[in-house]
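Enquirer: First the structure, then my questions, so here it is.
Residue numbers (full-length UniProt numbering): 1 to 73.
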């Protein structure tokens with residue numbers, strides 16, 4: 001698994017998940033239940049993860065749909 005996005009925005013997570021699933025890219029959201037630790041105020045970001053083999057295609061899908069992704073390292 002490789003992280004493609006990290007954000008506190010639940011709407012952005014839902015939007016990106018829907019776009020990737022529409023392209024038959026399997027997506028996992030990590031750290032969903034971490035809000036229990038921060039008192040449910042949403043300060044801990046969630047991570048959107050994809051399979052390493054699908055990373056490049058997933059990144060292209062998100063960029064083509066104007067999602068602002070961090071530069072690759």
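The beta-carbon is built from N, C-alpha and C at its ideal position, and this holds for glycine as well.
Enumerate in chain order the residues of its own chain whose CB-to-CB distance from residue 55 is below 6 Å, with the five nearest sequence positions on each side excluded.
Expert: These residues qualify, in order along the chain: 2.
Enquirer: Per DSSP, which one or two residues make a beta bridge with residue 34?
Expert: Beta-bridge pairing links residue 34 to no other residue.
Enquirer: To the nearest angstrom, how far is it from the Cα of residue 49 to the Cα of residue 22?
Expert: Each residue's Cα considered, the two are about 16 Å apart.
Enquirer: Could you pull out every residue in the same chain whose Cβ sits closer than 7 Å to the Cβ of residue 59, ignoring the five residues on either side in sequence?
Expert: Excluding sequence neighbours, residue 59 sits near 4 and 69.
Enquirer: Residue 8 and residue 62: beta carbons closer than 9 Å?
Expert: Not a contact, by the Cβ cut-off of 9 Å.
Enquirer: Using the rule of at least 16 other Cβ atoms within 10 Å of the residue's Cβ for burial, across every protein chain shown, is residue 52 buried or exposed?
Expert: When all chains shown are included, residue 52 counts as exposed.
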